[in-house]
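Heads up: the structure comes next, in structure tokens.
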Amino acid sequence: MRIAEKIGQLIDRFYIRPISTLLPHEVFRYGVCGGVNMLLDIVWYYLIYHYVVALRYIDLGVIVVSPHVAALIIVFPITFFTGFWLNRNVAFRATEFGQGTQLIKYALTVVGSILLNYICIKLFVEVCHIWATPAKAITTVVSVAYSYLVGRYFTFKK
């Protein structure tokens with residue numbers, strides 16, 4: 001049995017009432033995969049920030065990168081690929097496109113998500129005058145909905 005199938009079976013053990021009456025199975029799997037990837041992102045960031053970058057500024061000659069940005073740059077590809085793998089193999093299993101095509105589409109959706117986050121936070125804070133923390137919460141809800149819909153109907157289309 002493939003590891004993706006084992007992960008799917010583990011996730012499905014928690015797909016019980018009342019969750020199963022509230023959420024479609026695919027949405028539940030997507031949420032768990034996204035939550036796990038987010039947790040991995042935080043853990044990797046912590047480890048890389050404290051033990052690899054070790055709180056030091058990185059001098060690249062033409063630019064000096066702060067430790068928090070350096071850790072972000074190092075962690076991004078890791079969670080990008082784990083997120084892609086989890087979505088492709090666990091959350092949205094039946095798809096009609098090859099892995100290379102899906103990877104390009106996934107990269108486009110990630111860029112779209114980054115832009116959407118930027119636009120929403122600017123809009124909510126600077127135009128709507130919502131405090132930053134509630135604005136970030138609203139932005140996260142919008143971004144998660146966007147990511148699911150784009151993943152379901154574009155990147156990992158059945």
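The working numbering numbers the first residue of the sequence shown as 1 and each following residue consecutively. For every residue, glycine included, the Cβ atom is placed at its ideal position computed from N, Cα and C.
DSSP three-state assignment for residue i, whether helix, strand or coil
{"i": "V62", "result": "coil"}
{"i": "A135", "result": "helix"}
{"i": "F14", "result": "coil"}
{"i": "R88", "result": "helix"}
{"i": "C33", "result": "helix"}
{"i": "E8", "result": "Just to set this straight, residue 8 is Gly in the shown sequence, not Glu. It is helical."}
{"i": "K122", "result": "helix"}
{"i": "L40", "result": "helix"}
{"i": "K105", "result": "helix"}
{"i": "A145", "result": "helix"}
{"i": "G98", "result": "coil"}
{"i": "L55", "result": "coil"}
{"i": "R152", "result": "helix"}
Selected residue, minimal CA-CA separation from residue i, among the options
{"i": "L39", "options": "H129, I121, T79 and Y51", "result": "T79"}
{"i": "T82", "options": "W44, V69, G98 and I114", "result": "W44"}
{"i": "F84", "options": "I104, E126, P18 and L72", "result": "I104"}
{"i": "A173", "options": "H68, K157, L22 and I16", "result": "Past the edges of the chain, shown from 1 to 158, lies residue 173, and the structure says nothing about it."}
{"i": "Y46", "options": "A70, P18, L23 and P24", "result": "A70"}
Contact check, residue i vs residue j, beta carbons under 8 Å
{"i": "T133", "j": "C120", "result": "no"}
{"i": "Y148", "j": "V27", "result": "yes"}
{"i": "V65", "j": "I58", "result": "yes"}
{"i": "V142", "j": "L116", "result": "yes"}
{"i": "I74", "j": "I48", "result": "yes"}
{"i": "A135", "j": "V125", "result": "yes"}
Element boundaries [alpha helix (DSSP H), containing residue i]
{"i": "I19", "result": "I19 to L22"}
Spell out a yes or no on whether the region 106–117 and the region 142–157 are touching, meaning 3 or more CB-CB pairs, one atom from each, closer than 8 Å. yes
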